[in-house]
Structures are given as C-alpha cells and as structure tokens.
Amino acid sequence: MPYVEAFRQMLFRVGSVNFCCVHVSLVPQLQSVGEPKTKPTQASVRELRACGLHPDLLMCRCNSPLPSSVINKISLFSQVAVERVI
C-alpha cells in the first residue's frame, strides 16, 4: 500500500491535470465457460477508488481481444469512459 499512498500524495501535489492514473487489470477467460470474467477488474477498480485514486485509463490484460459488449460492461461498472478501456 505504500505505492498507492505515494501516488495519492503525488496527485494532490501536481493536480489532476498533470497526473494520469493507468490501471492494469487481468480479465481472465476461463476455458470451461469461454467468456471473459469482468468481476476481478471491477473489484480492483473499486478498491483503487477506495484508496482515493480514480483510473483515467484502464488497460485490460487478456488472452484474446475483448468483445465490445465486455468493454462496455467494464466501462459501466468501473466508471471509466469506453474509449479509455483498452
């Protein structure tokens, strides 16, 4: 948690105009189900927000390109604009 606190303090010092929070999250795709699971990403963004940081960009790590429906779902539940979910 020391890194999160350091980022939060840096954001306070330089201001949101000079700070970009990029959150990288794994979107697992279970072989048995065959669809990407967005809950872990939603939970990690929620925890980040609880620490006082709001992601400007959300980078999703996954095995294959995410369908637009999944990107829209992640955007909706993480409150990050669709064009900022990569």
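In terms of the UniProt record's numbering, the sequence shown has 55 at position 55, counting the first letter as 1, and numbering is strictly consecutive.
Note that the Cβ used here is the ideal one computed from N, Cα and C, for glycine as well.
Could you check where the alpha helix (DSSP H) with residue i kicks off and where it finishes?
{"i": "Met-10", "result": "2–14"}
{"i": "Val-24", "result": "Counting along the chain, Val-24 falls outside any alpha helix (DSSP H), though it belongs to the beta strand (DSSP E) covering 22–26."}
{"i": "Arg-84", "result": "Segment: none, Arg-84 is in no alpha helix (DSSP H) and carries neither H nor E."}
{"i": "Ser-64", "result": "From DSSP, Ser-64 is part of no alpha helix (DSSP H); its letter is neither H nor E."}
With burial defined as no fewer than 16 other Cβ atoms inside 10 Å of the residue's Cβ, what is the status of residue i: buried or exposed?
{"i": "Cys-20", "result": "exposed"}
{"i": "Ile-71", "result": "buried"}
Where do the N-terminal and C-terminal ends of the beta strand (DSSP E) with residue i fall, by residue?
{"i": "Leu-58", "result": "57–61"}
Measuring straight from C-alpha to C-alpha, what distance separates residue i and residue j?
{"i": "Leu-30", "j": "Cys-62", "result": "11 Å"}
{"i": "Phe-12", "j": "Val-27", "result": "30 Å"}
{"i": "Ala-50", "j": "Glu-83", "result": "23 Å"}
{"i": "Pro-67", "j": "Leu-76", "result": "14 Å"}
{"i": "Leu-48", "j": "Ile-86", "result": "18 Å"}
{"i": "Lys-73", "j": "Ser-16", "result": "26 Å"}
Which residue from the options puts its Cα closest to that of residue i?
{"i": "Pro-55", "options": "Ala-43, Arg-46 and His-23", "result": "His-23"}
In chain order, what residues of the same chain have a beta carbon less than 6 Å from the beta carbon of residue i, not counting five sequence neighbours either side?
{"i": "Ser-44", "result": "Ser-25"}
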